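This report refers to the structure that appears directly beneath it.
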Amino acid sequence: MRKTCAGIIAGVAGAMFLSALVAAQGDAPRSPWKYYPEDARANKGDGGPAPKRDLTGTWAGESSGAGVERLVPPESPPPLTPLGKQLFDRNKAEGANVVVAESNDPHVKYCDPFGFPRNMNDQIRSMTITTLPNRTFVLLRFMNIWREIWTDGRALPTNFARGRDAHDPTYNGYSVGRWEDDYTFVVETTGIDPATWATESGYPHSVDARVTERFQRKSKNDLTLTMTMDDPKLYTRPLNLGTVHFRWIPSQTFFDFTCIPSSVQRYLKEMADPAGKPGGGAR
Amino acid sequence: MNTKVVASVVLMVGLAVVTSPLFAHHGAAAFDMGTPVVLKNAVVTEFVWINPHPLIKADYKNAKGEVEHWTMEMGSTVSAQLIGWSRTTLQPGDVVTLYVWRAKTGATVGRFNKVDFADGTTMRDTQRGADDGGRTDGNVRN
């Protein structure tokens, strides 16, 4: 009984503490130009039915501070072919056993763009979707990236090799989209620059990779994105890149986060390298 | 289990709920996350407000009277702003006590934990600001 009472008291104290935190945040001056994650977090429930064929708006992802959980991570281990394994082994992603100084992640080292599909499964802070009659745009706040998805019925390019009709691979590739039903928007992408990583953990992809995204708006407040990548040269079967969840942001406001190459070089020189390489760069 | 222990557990769980997986970026594999080094009466030499991580630079006079030049990283500018930090929170010449998880290499660099100001207030890091090195995004000045 005594333990139960103690638990109740502690629980009430914890709730009061949290309330005080929220109240303290609520008392602070507020600006319409600032993002307040507690507002997005407080927007509970589904908000009602989803509008038909409409993803328009600004959404909070798992790194938004709004308590949005990732639903499914990229599958691990990946089903690599021998060539895929060879390329994967070259990629040293930062992690429990690899410090920043030892990583060769091109984004961590040089601010290189994530590229697609990594920019849809890593550092998911917020995403804005907007449309024109013939295109849908996905605007990512992390690195201020925008993707262009054509909806005019055109076919995807397939030749990224040689010849006058070849297309140059790009960081975000070439994308087309269509509504599978009133709530599911399917996007196919080809022509992704093979220099980029497909995931934070360094999964490789070739120039022949084809990525399928399924955006499903399940309610006014909930949007999920499931991604698969078909790349037979490097994977023995289509790779599941996971499912990310987005929540509607009531204020529709978010902050940007840009990687500045000169800042990263300073960070690496004065902080990460001395921290990761014995004797390296210590002042 | 006494009330304090239960309350502490509840508060930590509460903080975890409040903060959620916010702005994960670089990890802490390079740092000794056991006990933070305490740099008492350190003098701030520069507060570098950059991404991916702001850098706090400070001079600390050790027990031998030698001046150590320290550099420490904290959570990103955007996450730090959400709990009250700004580019002017620390200024050159400020005399403060810094708590830092030192690099395993032994260099005078590390992951910032918290700062005690001369007026008795404390500000913490977002990602590694708890006393156990966990998150404290919900704490502003406490």
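If you read the protein sequences in the order shown, they are chains A and B.
Note that numbering that gives the first Met the number 0 has the first sequence beginning at 0, numbered continuously upward.
Note that numbering that gives the first Met the number 0 has the second sequence beginning at 0, numbered continuously upward.
Positions of the beta carbon are idealized from the N, C-alpha and C atoms, including for glycine.
Because the structure is a prediction, the values reported are computed rather than measured.
Can you tell me the Cα-Cα spacing of Lys219 (chain A) and Trp247 (chain A), whole angstroms?
So the two alpha carbons sit approximately 7 Å from each other.
Quick check: what's the CA-CA separation for Pro77 (chain A) versus Lys103 (chain B)?
32 Å
Which parts of the segment 59 to 101 of chain B are runs of the alpha helix (DSSP H), unbroken and 4 residues or longer, counting only runs that do not cross its ends?
Fully enclosed alpha helix (DSSP H) runs of 4 or longer: 76 to 81.
Sequence-distant residues of the same chain with beta carbon closer than 7 Å to Gly172 (chain A), five excluded per side
Phe115, Thr188, Thr189, Gly190 and Ile191
Looking at the structure shown, is Val99 (chain A) part of a helix, part of a strand, or coil, going by DSSP?
helix
For the structure I just gave you, are there three or more beta carbon pairs, one from the segment 192 to 209 of chain A and one from the segment 230 to 237 of chain A, closer than 8 Å?
By the Cβ rule, the segment 192 to 209 of chain A counts as touching the segment 230 to 237 of chain A, because three or more pairs are nearer than 8 Å.
Classify Gln126 (chain B): buried if its beta carbon has 16 or more other beta carbons within 10 angstroms, exposed otherwise.
buried
Beta carbon proximity, Ser85 (chain B) to chain A, threshold 9 Å:
no
Using the Cα positions of Glu72 (chain B) and Gly201 (chain A), report the straight-line distance between them to the nearest angstrom.
Cα-Cα distance, rounded: 24 Å.
What in chain B is Cβ-close to Phe115 (chain A), meaning under 9 Å?
What Phe115 (chain A) touches in chain B, judged by beta-carbon distance under 9 Å, is nothing: the nearest beta carbon there is about 20 Å away.
What residue from A:Leu86, A:Thr127 and A:Thr195 has the CA that sits closest to Val107 (chain A)'s CA?
Nearest C-alpha to Val107 (chain A): A:Thr195.
Chain A partners of Asn50 (chain B), CB-CB under 9 Å?
Phe256, Thr257, Cys258, Ile259, Ser262, Val263 and Tyr266
Consider the Cβ of Pro273 (chain A): report whether some Cβ of chain B lies at a distance smaller than 9 Å.
So, interface residue.
Extent of the continuous beta strand (DSSP E) run through Gln215 (chain A)
Counting along the chain, the unbroken beta strand (DSSP E) around Gln215 (chain A) starts and ends at Arg209 to Arg216.
Among A:Leu79, A:Phe141 and A:Arg265, nearest to Phe256 (chain A) - alpha-carbon criterion
A:Phe141
Determine, using beta-carbon pairs with one atom in the segment 84 to 91 of chain B and one in the segment 66 to 74 of chain A, whether at least three such pairs fall under 8 Å.
no
Please return the same chain residues whose Cβ sits closer than 6 Å to the Cβ of Phe254 (chain A), not counting the five positions on each side in sequence.
Tyr34
What does Phe30 (chain B) reach in chain A if we use C-beta pairs closer than 8 Å?
Ala274
Cα separation between Gly92 (chain B) and Lys60 (chain B)?
Cα to Cα, the separation comes out at about 14 Å.
So, under 8 Å CB-CB, Met226 (chain A) and Asn120 (chain A) are touching, yes? Tell me the CB distance rounded to an integer number of Å.
6 Å
Chain B contacts from the segment 196 to 211 of chain A (Cβ-Cβ distance under 7 Å):
none
Which value, in whole angstroms, describes the spacing of the CA atoms of Arg124 (chain A) and Leu139 (chain A)?
8 Å
Applying a beta-carbon distance threshold of less than 7 Å, which residues of chain A neighbour Thr70 (chain B)?
Glu269 and Met270
Is Gly83 (chain A) near the ligand GDP, in the sense that its beta carbon is under 8 Å from a heavy atom of that ligand?
For the ligand GDP, the structure offers nothing, since it holds no ligand at all.
Restricting to Cα atoms, I'd like to know which of A:Trp178, A:Gly241, A:Trp145 and A:Thr252 is closest to Ala59 (chain A).
Cα-wise, what sits closest to Ala59 (chain A) is A:Thr252.
Chain-ordered neighbours of Asn96 (chain A) on chain B, where CB pairs are closer than 7 Å
Ala28
Are three or more beta carbon pairs between the segment 151 to 165 of chain A and the segment 97 to 104 of chain A nearer than 8 Å?
no
Is Val99 (chain A) close to chain B, meaning its C-beta is less than 9 Å from at least one C-beta of that chain?
Yes - at least one Cβ of chain B is within 9 Å of the one on Val99 (chain A).
Which residues in the same chain have their Cβ closer than 7 Å to the Cβ of Glu115 (chain B), if we skip the five residues on either side of it in sequence?
Strictly speaking, residue 115 (chain B) in this sequence is Asp, with Glu absent from that position. If we look at Asp115 (chain B) and ignore the five residues flanking it on each side, its Cβ neighbours are Val95, Thr96 and Thr121.
Quick one: is Asn118 (chain A) buried, meaning 16 or more other Cβ sit within 10 Å of its Cβ, or exposed?
buried
Find the nearest neighbour of Gly29 (chain A) within the set B:Lys113, B:Gly83 and B:Thr107, judged by alpha-carbon distance.
Here residue 29 (chain A) is Arg; the residue named in the question, Gly, does not match the sequence. Nearest of B:Lys113, B:Gly83 and B:Thr107 to Arg29 (chain A), Cα basis: B:Gly83.
Contact with chain B by Glu179 (chain A), beta-carbon distance below 9 Å:
no
Taking the alpha-carbon positions, what's the Pro81 (chain A) to Gly119 (chain B) distance?
60 Å
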